[in-house]
Structure formats: C-alpha cells, structure tokens
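A.B. asks:
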Amino acid sequence: MPENTPRTRTEGHRLLHGFYAFHDFARRRPLTGDALVGLAVVGVFFVLGAPQGWVGLLWSLPWLLAYCLRSISLPAMLGVMAVTGVAQVLATDLLPAGNVLVPLAVYRAASSGSCGVRRASLGLIVLGSVLMAGEAATEVSSFAVIAVILAATLLVAWLLGDLVRHRRTVMEREMAQYEALARDREQRALLAIRAERSTIAREMHDIIAHSLSVVIVQADGGRYAANAGIAAADRELDHEEQDAAREAALRGALGALEQISDSAREALAETRRLVGVLRDPEGGAEYTPGQTLADLPGLLDRMQESSLPVQSLLDPALAAEMGLPEQPEVEQVTLPRTVSSAAFRVVQEATTNVIKHAGAVSTVRVRVKVKGDRLVLTVADDGAGPTGRGSGDGHGILGMHERVIALGGELTTGMRSGGGFLVRAEFPLTPPSPTRRRMSRQVGAHVVSSGPSGTHSVPDPTSGSIPRPARQSVPGPVLSSTDPIPPTPWELP
1 MPENTPRTRT EGHRLLHGFY AFHDFARRRP LTGDALVGLA VVGVFFVLGA PQGWVGLLWS
61 LPWLLAYCLR SISLPAMLGV MAVTGVAQVL ATDLLPAGNV LVPLAVYRAA SSGSCGVRRA
121 SLGLIVLGSV LMAGEAATEV SSFAVIAVIL AATLLVAWLL GDLVRHRRTV MEREMAQYEA
181 LARDREQRAL LAIRAERSTI AREMHDIIAH SLSVVIVQAD GGRYAANAGI AAADRELDHE
241 EQDAAREAAL RGALGALEQI SDSAREALAE TRRLVGVLRD PEGGAEYTPG QTLADLPGLL
301 DRMQESSLPV QSLLDPALAA EMGLPEQPEV EQVTLPRTVS SAAFRVVQEA TTNVIKHAGA
361 VSTVRVRVKV KGDRLVLTVA DDGAGPTGRG SGDGHGILGM HERVIALGGE LTTGMRSGGG
421 FLVRAEFPLT PPSPTRRRMS RQVGAHVVSS GPSGTHSVPD PTSGSIPRPA RQSVPGPVLS
481 STDPIPPTPW ELP
C-alpha cells in the first residue's frame, strides 16, 4: 500500500487541480472538450487493439463524430450512432475502438436529453445489443449471453444518466424555490419598511400639523389681543379703562403664549418618541401607538381654549377608556389600543382641518359612540370653508383613510348638504372583547361638555339636565338627554 507522503499528496492535488481545470475548459468549449475526450478514449483502446490496424481506426471515426455531436444535437448524435452501428454490422466483423464511446453517448442522452431522446436511446440500446450479439455470437446460448451483457452495460450507463438528470432537476427545483422564498422575504421586508414609514409619516403629520395649527391660531389670537390693547391705549379713555384694556390684552396674549408652549412641548415629546424608535441602535424597538382616546378630553379642552366651539357627545360606556367618571349603571367597553389610538388621531386630524380650513364656525360637534361591535365617531362642523376642502394637496384625509382601513374600518368624508364638513369613521372592535358590556337602553347619547375646571364629565341620564360648555365662544345649540340626535349632522346616508 503506498505511503501517504507529502509528495504523493502534492501529486494528487495537482491531478485534481488539472481535472477541475479541464472540466472548466470543457464547460466553456463543450465541442472541443468532447473531441479531446473522444480522441483520448479512442486512442487508448486503439493502442490496446492495435492488430485491427488502420481499418479499425477508420471505423472509429463515425463513433467519434457521433460522440462530438452530443454537445450540438442529441437527436443527430443518436441518428449517426444508429447508421454507424447498422453499417458496421453489415460491412465488417471488426469491433473498432470507437465502440467504447457508445456508453458515454447513451449516458449523455439520458442525462441531458428530452423525453423523446431518452426513449429513443432505450430503443437503440435494445436494437444495438441484438445486432451486436448476432454479429459476435456463434451459438444461440452465446448470443443470449452477449446480448444481455451489452444491454446491461448500456442500460447501466442510461440509468446513471437518468439519475443525474433527476438529481439536477430536483436541485434546480429546490434552487428555484429558494430564490422564490428569498424574493418573498425581500418583498415582505420591503412592505414592512414601507408600512412602518407610512405609519411614522402619518404620526408625524398628525403631530406637526395639529400642533402648528394650534400655534398659528394662538399666535394670531395673541397678536389680536396685543393690537386691541394698543388701540385701547390710543383711545381717549380714563386711566382705569386703559389699565383694564391693557390687562385684558396682556392676559389674552399670555394665554395664547401658554397654549403655544403646551402644544410645542407635546409635539416635541411625541416627535422624540418617534425619533427614538428610528434611532434604536439594536433595531429592536417597535413603534407602538402613542395617544389614545384617554387623551381625547384634553384635546377637546385645548380646542376650546383655542377659541374653537366644540360640543362633544361621548358614549358613557367609554368613560373608563377616556378617564372620565364612570356611571354605576353603565357597563364599560374596553377598546384595543390600536383602535383607541387610531380613533384619537382621526378626531385630532378632523378638528385640525376645521381650524385650518373651515373658516367661521359656530359649532364643531364631536361624537364617539359604540354601536354593537363597532366604534363610530363623527366630527361635523358648520363652517363655510373653501370649496373642495377635502380634495387638497394635504395628507390629512389620506392618513385618516389609511389608519381606518388598516384596522378593517370605514371612513366617510364630504361636504354636508346644510354647509360644513363631515368626517365619519367606523372601527370594528376586534378581537371581540369578552368584557364587552352593553350600555343601558335608557342612557342614549348625551352631551359631554367642558366644565369650568376644564375637565369633561358624563352627565347623569336620570337628571334630565346637561351642563352647557363654559368656554364656548360662539353660542350654539346644546342637545339635551331627551332630544333625539338628528342623523344629518352626524352621519351620511
């Protein structure tokens, strides 16, 4: 047994390297590679069968030609093999060295040929085995033995080729599946990134647009108050009246500055929260909904303080959700956080649009109510507003629509027939909460208004009295607990 020395290992590596180099060359130039392989095989067997002389070499050339055709056309290869085999049987008794190329050609037909080529090669195996056995055999018994040996040899070559073809097909199928899965993963990742970007864009729009709208309104109000104080000082009034006018102007300007400061601080906190998600170094921070319906009373208070006349009708069943005093006889409903956050953002965007576009408004009505297994909210104003207010270049209504649709809800926006604009959103309460509590049929819908302290309260359904909003700058109709809610201001048909 030869020793495993460094020299023998080096020689083995050289041989292996030479084999791979020739394999790469044959893949780049298949016809030249097949010709070299065929010449090498025929040359070896020609030397071993030298007594056949040049006649045997000439008979080997058609077989070499057939073998070289395997890289060009497999049907042509089989045709040349069939003609050469029949001619050899009929014209000579020799077995030229080129016959050793037949198993290689059969292997190639089975490994790379179509279904028709593979079937034709099987037929040629049977026919060639019979003809060659009949030519070489002298007795019936020897004919059967020779035919079986030839057929078995060629069949083994065919089966090896078919096995290689099957393995290659399986590998190609698995590779295609792997590439499809990779493309699917990339697509899913891209969609997830786009969805996250859209979510953050909606949040940024809602935060910045709302805050800047309030800042603009308050800045204009402060400027108006300051101008009113200056104008009062210029008028011929006594000192007491001038001092009172200046004090009122300063208080108005101070209140406006406080509102600007509060809005800016709130927007800054929300923006920092979003930026914190984007700057997470580990990439593990997930965006979670920020403000929810629990922040709705504060939002409505700020709207009132910014001189926007707001009437709110909040479902008593959502008192716990909004942080308002609960009524013992009314069972509470728990909302999914995603629904609660989306509902808050819809109300925020709708009221922001009122500030930006509605013009002179006497009343803005905000209603949030649970109907069966759905949360319904409406924001309606009676402002004149510019024509086509809902079809501008902004992203507010688009963002509201994306939020609602993402949760399986419906959004309706449009001009009201009696003037003003309406936003109506429905959210399914999914998954159905086991703590769903039905509201008493005697409660109905009630006005929830701002009290003197700025807090919201749910009215007692048995008292029959509803507190009027203390900060409503423009007087408007206030619904009582016994009045039916007219459908037109709240819902589109």
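Numbering-wise, the sequence shown is residues 1 to 493 according to UniProt numbering.
Where a beta carbon is used, it is the ideal one built from N, C-alpha and C, also for glycine.
Here the structure is a predicted model, which means the values were calculated and not measured.
Does the contact criterion of 3 or more C-beta pairs under 8 Å hold for the segment 321-339 versus the segment 377-386?
C.D. replies: No, because fewer than three Cβ pairs between the segment 321-339 and the segment 377-386 fall closer than 8 Å, the two stretches do not touch.
A.B. asks: Anyone know if the C-beta pair for PRO75 and VAL130 falls short of 9 Å?
C.D. replies: Going by C-beta atoms, PRO75 is not nearer than 9 Å to VAL130.
A.B. asks: Taking buried to mean at least 16 other C-beta atoms within 10 Å of its own C-beta, is LYS356 buried or exposed?
C.D. replies: Burial call: buried.
A.B. asks: Whole alpha helix (DSSP H) runs in the UniProt domain "Histidine kinase/HSP90-like ATPase" (338-431) with 4 or more residues, listed along the chain?
C.D. replies: Those alpha helix (DSSP H) runs which fall completely within the UniProt domain "Histidine kinase/HSP90-like ATPase" (338-431) and span 4+ residues are 396-406.
A.B. asks: Using a threshold of 9 Å, state whether the C-beta atoms of PRO297 and THR363 are closer than that.
C.D. replies: Against a cut-off of 9 Å, the Cβ pair of THR363 and PRO297 comes out as no contact.
A.B. asks: Going straight from the alpha carbon of ALA343 to that of ARG197, what length do you get?
C.D. replies: Straight-line Cα distance between these residues: approximately 20 Å.
A.B. asks: Can you tell me which of the three DSSP states GLN291 falls into?
C.D. replies: The answer is coil: DSSP assigns GLN291 none of H, G, I, E or B.
A.B. asks: Do you know offhand how far ALA109's Cα is from PRO62's?
C.D. replies: Rounded to the nearest angstrom, the two C-alpha atoms are 17 Å apart.
A.B. asks: Here's the rule: buried if 16 or more other CB atoms are within 10 angstroms of the residue's CB, otherwise exposed. What is GLU172?
C.D. replies: So GLU172 ends up on the exposed side.
A.B. asks: Starting from LEU90, follow its DSSP beta bridges and name the residues at the other end.
C.D. replies: LEU90 is not bridged to any residue.
A.B. asks: How many Å lie between VAL106 and GLU179 at the Cα?
C.D. replies: Spanning the two alpha carbons is a distance of roughly 33 Å.
A.B. asks: Within the same chain, show all residues whose beta-carbon is closer than 8 Å to that of ASP162, passing over the 5 residues directly before and after it, in chain order.
C.D. replies: Same-chain partners within the cutoff: ALA110, SER111, ARG118.
A.B. asks: Determine the direct distance from the alpha carbon of GLN332 to that of LEU190, and round the result to whole angstroms.
C.D. replies: Roughly 40 Å between the two C-alpha positions.
A.B. asks: Classify SER73 as buried or exposed, calling it buried when 16 or more other Cβ atoms lie within 10 Å of its own Cβ.
C.D. replies: Per the 10 Å Cβ criterion, exposed.
A.B. asks: The beta strand (DSSP E) spanning GLN311 covers which residue range?
C.D. replies: Taken as a continuous stretch (DSSP letters only), the beta strand (DSSP E) holding GLN311 covers 310-314.
A.B. asks: Under a three-way DSSP split, which group does GLU331 fall into?
C.D. replies: Of the three classes helix, strand and coil, the one that applies to GLU331 here is coil, per DSSP.
A.B. asks: Given a cut-off of 9 Å on the beta-carbon distance, is the pair GLN304 and VAL366 in contact?
C.D. replies: No. Outside cutoff.
A.B. asks: Measure the CB-CB distance between ARG374 and LEU429 and report whether it falls below 9 Å.
C.D. replies: In contact: ARG374 and LEU429 (Cβ atoms closer than 9 Å).
A.B. asks: Classify residue 513 as helix, strand or coil using the three-state DSSP reduction.
C.D. replies: Within the shown structure, residues of the chain are numbered from 1 to 493, placing residue 513 beyond reach of any answer.
A.B. asks: Please determine, among THR352, VAL100, ASN353, the residue with the shortest C-alpha to C-alpha distance to THR153.
C.D. replies: Answer by Cα proximity: VAL100.
A.B. asks: Beta-carbon separation of LEU104 and ALA147 under 9 Å?
C.D. replies: The answer is no: Cβ separation not under 9 Å.
A.B. asks: Relative to the C-alpha of PRO316, which candidate in VAL370, LEU335, SER307, VAL347 has its C-alpha closest?
C.D. replies: When each option's Cα is compared against that of PRO316, the closest is VAL370.
A.B. asks: With DSSP collapsed to three states, give me the class of SER114.
C.D. replies: Note: SER114 maps to coil in three-state DSSP.
A.B. asks: Pop quiz: LEU293 and LEU335 are said to be a contact at Cβ under 8 Å. What is the actual Cβ separation, rounded to whole angstroms?
C.D. replies: With 8 Å as the limit, LEU293 and LEU335 qualify as a contact, their Cβ atoms being about 7 Å apart.
A.B. asks: With DSSP collapsed to three states, give me the class of GLY323.
C.D. replies: GLY323 falls in the coil class under three-state DSSP.
A.B. asks: For GLY85, which of GLY113, SER114, LEU127 has the nearest alpha-carbon?
C.D. replies: Out of GLY113, SER114, LEU127, LEU127 has the C-alpha closest to the C-alpha of GLY85.
A.B. asks: Quick check on ASN353: buried or exposed, where buried means 16 or more other Cβ atoms within 10 Å of its Cβ?
C.D. replies: That one is buried.
A.B. asks: Can you tell me which of ILE149, ASP301, GLY399, VAL170 puts its alpha carbon nearest to the alpha carbon of MET204?
C.D. replies: When each option's Cα is compared against that of MET204, the closest is GLY399.
A.B. asks: With H, G and I counted as helix, E and B as strand and the rest as coil, what does DSSP make of PRO336?
C.D. replies: Note: PRO336 maps to coil in three-state DSSP.
A.B. asks: Please report the residue range of the alpha helix (DSSP H) in which ARG302 lies.
C.D. replies: Unbroken alpha helix (DSSP H) run through ARG302: 296-305.
A.B. asks: Can you name, in chain order, every residue of its own chain whose Cβ lies under 7 Å from the Cβ of ALA201, other than the five neighbours on each side?
C.D. replies: Excluding positions up to five away in sequence, the list is empty.
A.B. asks: So what does DSSP say about SER73, is it helix, strand or coil?
C.D. replies: In the structure shown, SER73 sits in coil (DSSP, three-state: anything other than H, G, I, E or B).
A.B. asks: Thinking C-beta only, is VAL339 closer than 9 Å to LEU407?
C.D. replies: Yes; because the gap between Cβ atoms is below 9 Å, this pair is in contact.
A.B. asks: Is it true that the CB of ARG403 sits closer than 9 Å to the CB of VAL368?
C.D. replies: Cβ atoms of VAL368 and ARG403: not closer than 9 Å.
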